[in-house]
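When the sequence shown is numbered by the numbering used here, its final residue is 355 and no position is left out of the sequence of numbers.
Idealized CB from N, CA, C, for every residue including glycine.
These notes are about the structure you will find just below.
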Amino acid sequence: MAGMTAFGLGKRFGETDALRAVDLAIENGEFLALLGPSGCGKTTLLRLIAGFEVPDAGELHLGDAVVARAGWALPPEERNVGMVFQSYALWPHMSVADNIGFALKVRGLEAGECRRRIEDALQLVGLGGLAKRKPAELSGGQKQRVALARCLAMQPSVVLLDEPLANLDAHLREAMQIEFRRFHREIGATFVYVTHDQSEAMALADRVAVMDRGALQQIAAPRELYAEPATEMVARFVGRGMVLPVTVIGQEDGIVVAEAFGAQMRVRGQAAAGEERLLCVRPADLALDGTGMEARVTAAAFQGAATIVSAQIDQGEHVLRLECHGLPPEEGAAVRISVRDGWLLPAGRA
Ligand SMILES: Nc1ncnc2c1ncn2[C@@H]1O[C@H](COP(=O)(O)OP(=O)(O)OP(=O)(O)O)[C@@H](O)[C@H]1O
Ligand SMILES: [Mg+2]
Numbered sequence: 006m007a008g009m010t011a012f013g014l015g016k017r018f019g020e021t022d023a024l025r026a027v028d029l030a031i032e033n034g035e036f037l038a039l040l041g042p043s044g045c046g047k048t049t050l051l052r053l054i055a056g057f058e059v060p061d062a063g064e065l066h067l068g069d070a071v072v073a074r075a076g077w078a079l080p081p082e083e084r085n086v087g088m089v090f091q092s093y094a095l096w097p098h099m100s101v102a103d104n105i106g107f108a109l110k111v112r113g114l115e116a117g118e119c120r121r122r123i124e125d126a127l128q129l130v131g132l133g134g135l136a137k138r139k140p141a142e143l144s145g146g147q148k149q150r151v152a153l154a155r156c157l158a159m160q161p162s163v164v165l166l167d168e169p170l171a172n173l174d175a176h177l178r179e180a181m182q183i184e185f186r187r188f189h190r191e192i193g194a195t196f197v198y199v200t201h202d203q204s205e206a207m208a209l210a211d212r213v214a215v216m217d218r219g220a221l222q223q224i225a226a227p228r229e230l231y232a233e234p235a236t237e238m239v240a241r242f243v244g245r246g247m248v249l250p251v252t253v254i255g256q257e258d259g260i261v262v263a264e265a266f267g268a269q270m271r272v273r274g275q276a277a278a279g280e281e282r283l284l285c286v287r288p289a290d291l292a293l294d295g296t297g298m299e300a301r302v303t304a305a306a307f308q309g310a311a312t313i314v315s316a317q318i319d320q321g322e323h324v325l326r327l328e329c330h331g332l333p334p335e336e337g338a339a340v341r342i343s344v345r346d347g348w349l350l351p352a353g354r355a
């Protein structure tokens, strides 16, 4: 078993800084999700951990061993790291059992041990009866399980998963998410799971690392990430957050009193009187209760349990979304929006 630590890890492709000075420590046995928009460097980081890429800057440790530094990388087969690709990457002419066993044979394991590991891996992923099938005779979810079984049969200490559920429908994805948590508990390896689906990241992981344009923005437990985003990018990316400029009036008993667009609000965070700061609010934090900021309704979308009302603040360009559980106001109506909860983004981080 091994944790992983990156120190100032960097990777360039031509003009693109795919990874910029990433510092990241993953605990032994942890389930970490890597979350971020397309192109932010998630796959690049996984490929560096696996040994498929050589970094241009920094250092990478697996457990106590240095496995990569600028210009040098230990090859994948010497790392005991397994990777599951989004595309499954199964060999079409081989049976399920041969797909799983191929790498074991290459590694020189004797036939009995290979058979045992194939059988155990198939049981673990719930495919006991399908050893003789060809990949073409399997559903998408079953192929994904074979790809995972192939990885687990190698008994890696670190399992890297690159959007493993992206090709499955929503129902199967949910079922497989539960399975992934079970696999993690049963084998106890360190899991690094790439996704751009924030609810998947939050449901699965012990901690979530959010990336943007090659840089690590924040690494935190799901609840903390949601309640206390560290940057504006995280605030907007996670949980439909909105960001408002506010002026801090003062702080009392750990609660910050701030003002925005003519209204006062009590919010969470650390700040001194007079500071101009950014406040993260979510739809559920806002209320149409006749007090607060003056705004004009621009849209109302019925969604069953609530109506999502969009309203533009009269003195600014900001559009706020909030949940309305009663009869929603008409489009164009003048309303007042109060802030019931919010989080002041830490100062000095973009
Ligand atoms: N082999 C390569 N050659 C050139 N540029 C690359 C290469 N691999 C990745 N990049 C670039 O590096 C950046 C990061 O790519 P990466 O594949 O890591 O993103 P990602 O977060 O996995 O995105 P997605 O969610 O779309 O899979 C992108 O701008 C991408 O175009
Ligand atoms: Mg990717």
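For S315 and I342, the gap between their C-alpha atoms comes out near 11 angstroms. Taking a 10 Å sphere around the C-beta of F307, we find fewer than 16 other C-beta atoms and assign the residue as exposed. Under the three-state reduction of DSSP, A30 is assigned to strand. Between the segment 325-338 and the segment 267-275 there are fewer than three inter-stretch CB-CB distances shorter than 8 angstroms, so the stretches are not counted as touching. Per DSSP, the beta-bridge partners of K16 are L24.
Annotated three-state conformation of Y231 is helix, per DSSP.
DSSP places M207 inside the alpha helix (DSSP H), whose first and last residues are Q203 to L209. Shortest Cα-Cα distance from R212 to any of R218, A225 and G106 involves A225.
The Cβ-Cβ distance between F196 and V164 falls below 7 angstroms. Counting C-beta pairs closer than 8 angstroms gives three or more between the segment 124-134 and the segment 96-112, which meets the contact rule. Inside the segment 233-303, DSSP marks whole alpha helix (DSSP H) runs of 4 or more residues at positions 237-242, from first to last along the chain.
The three-state secondary structure of H176, taken from DSSP, is helix. Bounds of any beta strand (DSSP E) do not take in D103; it lies within the alpha helix (DSSP H) bounded by V101 to V111. Within the segment 138-201, the complete beta strand (DSSP E) segments at least 3 residues long are 163-167 and 195-200, listed from N- to C-terminus. By the CB criterion at 7 angstroms, L349 and V248 fall outside the cutoff.
The residue from V344, D202 and A310 with its alpha-carbon nearest to that of M298 is V344.
Distances from the CB of K16 to the heavy atoms of ligand 2 are all 6 angstroms or more. If only complete runs of 3 or more residues are kept, the segment 27-80 shows the beta strand (DSSP E) at 36-40, 62-67 and 70-74, in order along the chain. DSSP, read as helix, strand or coil, puts Q308 in coil. Short note on T21: C-beta closer than 6 angstroms to some heavy atom of ligand 1. Counting every other CB atom within 10 Å of its CB across the protein chains shown gives H189 a total of 16 or more, marking it as buried.
Taking C-beta separations shorter than 8 angstroms and ignoring five residues to either side along the sequence, A116 has no partners in its chain.
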